[in-house]
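Take 1 as the starting number for the sequence shown in UniProt numbering and just add one per residue.
Quick reminder that beta carbons are idealized off the backbone N, C-alpha and C, glycines included.
In this text, all values refer to a predicted model and were calculated from it rather than measured experimentally.
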Amino acid sequence: MATNLATKPEDTDPSHETAESSPETAVRPEELRLLEAMLFASTEPLDVASLAKRLPEDADVKALLEQLQADYAMRGVNLVRVANKWTFRTAADLSWLMTRESTETRRLSRAAIETLAIIAYHQPVTRAEIEEIRGVITSKGTLDVLLETGWIRPRGRRKTPGRPLTFGTTEAFLSQFSLEQLGDLPGLDELKGSGLLDTRLPTGFSVPSPSDDPALRDDEEPLESGDELQLTLAPIPDPEEPNSGESTGA
1 MATNLATKPE DTDPSHETAE SSPETAVRPE ELRLLEAMLF ASTEPLDVAS
51 LAKRLPEDAD VKALLEQLQA DYAMRGVNLV RVANKWTFRT AADLSWLMTR
101 ESTETRRLSR AAIETLAIIA YHQPVTRAEI EEIRGVITSK GTLDVLLETG
151 WIRPRGRRKT PGRPLTFGTT EAFLSQFSLE QLGDLPGLDE LKGSGLLDTR
201 LPTGFSVPSP SDDPALRDDE EPLESGDELQ LTLAPIPDPE EPNSGESTGA
């Protein structure tokens, strides 16, 4: 029985106890704070040599890094090694929080601006009617750009041969141009005063007064299920772009 209760030599060996606790004693709290501050303040990852220059000479940089990495393992930011350099990064499972949405400002072409103005004032209007007013061919690409902005929408189909799509503006159009209703669009006198129209206009020239009524007109039919698929087809090249050889003559 006495031999079974005997203490093993390694249990009482002071050197063994010191060896096991040496990694903990090598990481001094003040050095850990210094390391943490340097990594937080740096705008780029730092290697071990760069960190060692600002720490006490006897500091065990590798042990400090391992300890700091363990301390941050379950936090919102983690200490990671990238190309043998160390830096703080958002925890991988929280990266979705850092997703940033940005708005890209795109300038509309002259063709798109003219087409939008015609749709706003003459809606519901078909592509052929837009071309008749502008005096030039309107490509599918121009309409696609306006559809992507969400400022126009297909309303229905005209009750004429070929049943062409009719287009009108949307609430997003009103919001973009700070309009409460379509009736707030500039009239003839306002357009003249702003210089957007020539003061010498043909006799009988007038600016239409568009209606906010979303209901289809008597000459329109509801859209069909396949119309949405047709509108998602890839746009064809816009012949109205520069160097396209377009003639703008009437």
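Whole-number beta carbon distance between residue j and residue i, since they are thought to touch under 8 angstroms
i, j, result
"E31", "A59", "5 angstroms"
"L64", "G76", "With 8 angstroms as the limit, L64 and G76 do not qualify as a contact, their Cβ atoms being about 21 angstroms apart."
"L55", "Q69", "Contact doesn't hold; Cβ gap of about 16 angstroms is too wide."
N- and C-terminal bounds of the beta strand (DSSP E) containing residue i
i, result
"T138", "Element bounds for T138: n/a, residue is neither H nor E."
"R110", "Run containing R110: none in the beta strand (DSSP E); it sits in the alpha helix (DSSP H), R110 to H122."
"G168", "L165 to T169"
Reduced DSSP category for residue i - H, G, I as helix; E, B as strand; rest coil
i, result
"R89", "strand"
"E220", "strand"
"P23", "Note that P23 scores 46 on pLDDT, short of 50, meaning its location in the model is unreliable; the coordinates nonetheless yield the value given after this. In this structure, P23 counts as helix in the three-state DSSP scheme."
"V82", "strand"
"R155", "strand"
"T105", "coil"
"T126", "strand"
"E132", "helix"
"V207", "coil"
For residue i, the first and last residue of its enclosing alpha helix (DSSP H)
i, result
"L64", "V61 to D71"
"M38", "P29 to A41"
"A49", "V48 to K53"
Burial state of residue i, where buried means 16 or more other Cβ atoms lie within 10 Å
i, result
"A111", "buried"
"T103", "exposed"
"A73", "exposed"
"Q123", "buried"
Assess, as a yes-or-no matter, whether the segment 176 to 186 is touched by the segment 152 to 163 under the definition of 3 or more beta carbon pairs within less than 8 angstroms. no
Sufficient close CB pairs (3 or more, under 8 angstroms) joining the segment 87 to 106 to the segment 116 to 131: no
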